[in-house]
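Input: a single structure, listed below in structure tokens.
Residue numbers (this note's numbering): 132 to 783.
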């Protein structure tokens, strides 16, 4: 659908995202459960989503279920029920997710950067909304948006697979024939603001690292120079080039990784460099990033740099058309952005046709190092004094508790004395009572684990284990090594029967490495890795005791015994329940919705051992509906050991 977050009502960002979330949660003819059962019964998958420019419905099925899939896609897109109870549930999940996001420096840096670059253009609003706007979204808002934008004249349909053209067109005609036109068609939202120098510091006292974003407006996806600019930014900080990574990490050891990207949208775009670093090196890293923008504009790139960037783009392109879903995405994007479909066939030739002169030309024409938008999220007291000496005399310092993305100066009025909350959060008496009911249980769990001081002292973990997979009576043992650098770097190495497999989450990115090389993780793998990180007991308990996650107490019946538990609310952890031993208060089980949405997964922990004051479960058993049981047996467990930073850096 040619409508996304950019078409949200100005005062209510998040409507398009909410509409997309509710499309498959019940229609006028099917309940959410019936939709899920229907797609599961044919071994298929159904998904919905939205972005700044687009909303989407997708299905993947076997050939013999083609017509059923078309019917379901049609029903979901055309006839959503937007039931009040589903809206209430999604609203609560959105608000809980936003509360967590406002404590994530990576998220904060991203949304503030968008606001600086795009100003009050619709691209500057957060697609997921704000706590205030999400709380205000009504069913009428959803119905109005859907009626205005969802219609045959605003739709693009791609069908990819073992389906002949005649069959595809006949199926589309049958499934979508009666779809009326939408009342709106996407029109221009106005010109983007010009690049403007502005430095904003989001102050998070106590943070040990600073999240950094540097960039400005770029080019729309259809622009004739988009490809050349994309290659220029690849040289600055992308795969195949990455001067930023070389300077900041390889030469100076100031960060674990740095990158730069181009984002091409319908009406504009942006270029952005991002990294994180220690608080005490913030000023130096920022100066070096800006200097690299200047160098790219003023100095000709080396032919070898361009060749490496071209080799990466042309070499990775086949992966973007490897599956029917990937091909469909390419087709939809080409149609939406008004690109010539034949360009997919000539992509490699067009990439290789870009010259060093082209790179110099677009760098001079479209890069503005003197007008960069800069966002720093961290402990301002630790680095603010560095900035003037690095050439950044003027900057705005905004306490996190005063951040308001809808305000011209990004500030809201100060909250009353006490704990500052992100903009839009108001703790009701009922919510406060529910959280208070869980507080004692959280503290008991922390004490049982080793105590707050011990948990806060742990910086790294290295665990060697054997993972046993039991599939239809056949047991496969997989040696596994897990390396963790808190708060946000996780690496899992496994010696599988198919060969070594590495999965890494670090600095907000997910990647895997196997016999085929290293690459960003597919979305479904990335989602699983993110969920594993979020459920790790040590940061989970710290987040609960610090109030960065919310929980309510619940009692769980097991074999006639009542066990104390916590229902934890967080983005990406739908329905997480943590169950404690009634005597020791150690975590004995976690229950959560399986990654594929097919029922509830349960992980049981046992054989706790004292590791120098920290209680560690040496045995864990994971059970998921329709999947083999997985058992993890620890051999060794160490913490606060030295871990090379390279473990968490994606190979080039």
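All C-beta atoms, glycine included, are put in the ideal place defined by N, C-alpha and C.
- request: Find out if the Cβ-Cβ distance for the pair residue 344, residue 244 is shorter than 8 Å.
  value: yes
Residue range of the alpha helix (DSSP H) that includes residue 785: What is shown of the chain runs 132 to 783, which leaves residue 785 out entirely.
query: Looking at the structure shown, is residue 132 part of a helix, part of a strand, or coil, going by DSSP?
result: coil
Best match in 503, 259, 413, 313 for proximity to residue 283 [C-alpha to C-alpha]: Of the residues 503, 259, 413, 313, the one whose Cα lies closest to the Cα of residue 283 is 313.
task: Mind the definition here: the segment 234-248 touches the segment 304-311 only if three or more C-beta pairs lie below 8 Å; say whether that holds.
output: no
- request: Name the one or two DSSP bridge partners that residue 402 has.
  value: DSSP lists 347, 393 as partners of residue 402.
task: Determine the closest residue to residue 444 out of 302, 663, 366, with distance taken between C-alpha atoms.
output: 366
message: What does the alpha-carbon distance come out to for the pair residue 420 and residue 683?
response: 44 Å
query: Which one or two residues does DSSP pair with residue 623 in a beta bridge?
result: The partner list for residue 623 (beta bridge, DSSP) reads 613, 634.
field: Three-way DSSP call (helix, strand, coil) for residue 731 in this model
entry: strand
query: With 16 as the cutoff for other CB atoms within 10 Å, does residue 340 come out buried or exposed?
result: Only buried fits residue 340, as 16 or more other CB atoms lie within 10 angstroms of its CB.
query: Since residue 593 is in the alpha helix (DSSP H), which residue starts that stretch and which ends it?
result: Where residue 593 is concerned, there is no enclosing alpha helix (DSSP H), although the beta strand (DSSP E) it sits in stretches over 591-602.
- prompt: For the segment 580-590 against the segment 660-674, are there 3 or more C-beta pairs whose distance is under 8 Å?
  reply: Yes, the segment 580-590 is in contact with the segment 660-674.
- request: With 8 Å as the threshold, decide whether the Cβ of residue 200 is near any Cβ in chain C.
  value: As a matter of chain content, chain C is missing from the structure shown, which is built from one protein chain.
field: Range of the contiguous beta strand (DSSP E) that encloses residue 453
entry: It is not in any beta strand (DSSP E) - residue 453 carries neither H nor E in the DSSP assignment.
task: Examine the Cβ distances between the segment 459-477 and the segment 508-526 and report whether three or more of them are shorter than 8 Å.
output: no
message: What would DSSP say about residue 737, mapped onto helix, strand or coil?
response: Residue state, collapsed to three classes: strand.
task: Give the C-beta separation of residue 685 and residue 579 to the nearest angstrom, bearing in mind that I take them to be a contact with Cβ-Cβ under 8 Å.
output: About 18 Å; that fails the 8 Å criterion.
task: Count the other C-beta atoms from every protein chain shown that fall within 10 angstroms of the C-beta of residue 557, then say buried if there are 16 or more, exposed otherwise.
output: Legend: pLDDT at residue 557 = 37, less than 50; position of this residue unreliable, no value from coordinates given.
task: Starting from the Cα of residue 431, find the closest Cα among 233, 380, 475, 489 and give me that residue.
output: 489
query: What is the DSSP secondary structure of residue 415, counted as helix, strand or coil?
result: helix
query: Leaving out the 5 sequence neighbours to the left and right, which residues in its chain are closer than 8 Å to residue 564 when beta-carbon positions are compared?
result: The pLDDT assigned to residue 564 is 43, lower than 50, so where the model puts this residue is not dependable, and the model offers no usable value.
query: Any chance the segment 137-145 sits against the segment 249-257, with 3 or more Cβ pairs inside 8 Å?
result: The segment 137-145 vs the segment 249-257: in contact.
query: Given a threshold of 16 other Cβ atoms within 10 Å of its Cβ, counted over all protein chains shown, does residue 608 qualify as buried or as exposed?
result: Around the CB of residue 608, fewer than 16 other CB atoms lie within 10 Å, so the residue is classed as exposed.
- prompt: In whole angstroms, what separates the C-alpha of residue 554 from that of residue 261?
  reply: Low confidence applies to residue 554: its pLDDT is 41, below 50, so where it sits in the model is not reliable, and the reading given next is rough at best. Straight-line Cα distance between these residues: approximately 8 Å.
- prompt: Is there contact here, the segment 149-157 with the segment 209-228, by at least three beta-carbon pairs under 8 Å?
  reply: yes
- prompt: Is the segment 396-408 touching the segment 344-359 in the sense that three or more CB pairs, one from each, lie closer than 8 Å?
  reply: yes
Residue range of the beta strand (DSSP E) that includes residue 682: 681-689 is the span of the beta strand (DSSP E), which, as asked, contains residue 682.
query: How should residue 326 be labelled, buried or exposed, when 16 other C-beta atoms within 10 angstroms of its C-beta is the threshold for buried?
result: Residue 326 is buried by the Cβ-count criterion.
field: Where residue 425 falls: helix, strand or coil (DSSP)
entry: Under the three-state reduction of DSSP output, residue 425 falls in the helix class.
query: Less than 8 Å separating the beta-carbons of residue 711 and residue 695?
result: yes
message: Please return the same chain residues whose Cβ sits closer than 6 Å to the Cβ of residue 454, not counting the five positions on each side in sequence.
response: Closer than 6 Å at Cβ, skipping near neighbours: no residue.
message: Please list the terminal residues of the continuous alpha helix (DSSP H) segment that includes residue 536.
response: Counting along the chain, residue 536 falls outside any alpha helix (DSSP H), and DSSP gives it neither H nor E.
The segment 761-778 in contact with the segment 589-598 per 3-pair CB rule at 8 Å: Yes, they touch.
- request: Can you have a look at residue 450 and say buried or exposed, based on whether 16 or more other CB atoms are within 10 angstroms of its CB?
  value: exposed
- prompt: Which stretch, first to last residue, makes up the beta strand (DSSP E) that contains residue 759?
  reply: Neither: residue 759 is in no beta strand (DSSP E) and is coded neither H nor E.
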